[in-house]
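full-length UniProt numbering puts the last residue of the sequence shown at 147; the count rises by one with no breaks.
A virtual CB, placed ideally from N, CA and C, is assigned to each residue, including glycine.
Below is one structure, written out as structure tokens; the observations come after it.
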Amino acid sequence: MIDKVLFHLRKMKPMDVAIIIILLVASFIPHIVYGYQLSSIDEDARIIATVKISGEEVYRVELSEETPQEEFRLEPRDGQYNIIEVDGTRIRNREDNSPDQLGVRRGWISQPGETVVVLPHQLIIEIHAENQDGQEIHEEDDIIIPM
């Protein structure tokens, strides 16, 4: 085993190592950008969760310590259902009847920029921050969501 590793290491050229290092460093850029966006949100900003079906907003709630625990059922189409649960500062898709259950497995979300997507039901739960005037902070008009 060690012989195979040494064989491959001897075959590497200096630019191979440089490319690997550049790609490794570049893979952390999204984490840095996301961290910067979170740190630029004011302390008095309101955290808002929106639930959309087929691009149309059907539910909106402010996520705070005072937000009561709530559970409700949405039926995007005949034979489809989603049970959404809100608990203070977090929200999740607790149960649905989609085949892959990705929205359920995503679990709780609570930070601006986080989303839960259930493609078969065209359901999106997203969290964003708003200032006291109701203006969305870091509004992204360049995002294209296929429906």
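message: So within the stretch 85-116, which uninterrupted beta strand (DSSP E) runs reach at least 3 residues, ignoring any that extend past its ends?
response: Taken in chain order, the unbroken stretches of beta strand (DSSP E) that lie wholly in the stretch 85-116 and span 3 residues or more are 90-96.
task: Let me know the secondary structure DSSP gives Leu6 once reduced to three states.
output: Position 6 of the sequence shown, counting from 1, holds the residue named residue 6. Residue state, collapsed to three classes: helix.
- request: Verify whether the separation of the beta carbon atoms of Arg73 and Ile83 is less than 8 Å.
  value: The residue you call residue 73 lines up with position 73 of the sequence shown. The residue you call residue 83 lines up with position 83 of the sequence shown. Yes. Within cutoff.
Beta bridge counterpart(s) of Val51 as assigned by DSSP: Counting from one through the sequence shown, the residue named residue 51 turns up at place 51. The partner list for Val51 (beta bridge, DSSP) reads Tyr59, Ile125.
Extent of the continuous beta strand (DSSP E) run through Leu119: In the sequence shown, residue 119 corresponds to position 119, counting from 1. It is not in any beta strand (DSSP E) - Leu119 carries neither H nor E in the DSSP assignment.
field: Pick from Ile41, Ile127, Arg105, Tyr36 that is closest to Gln111, judged by C-alpha positions
entry: Position 111 of the sequence shown, counted from the first residue, corresponds to residue 111. Per the Cα distances, Ile127.
Cβ distance (whole Å) where Gln80 is taken to contact His31 below 8 Å: Indexing the sequence shown from 1 puts residue 80 at position 80. Indexing the sequence shown from 1 puts residue 31 at position 31. Actually they are not in contact, since the Cβ atoms of Gln80 and His31 sit about 34 Å apart, beyond 8 Å.
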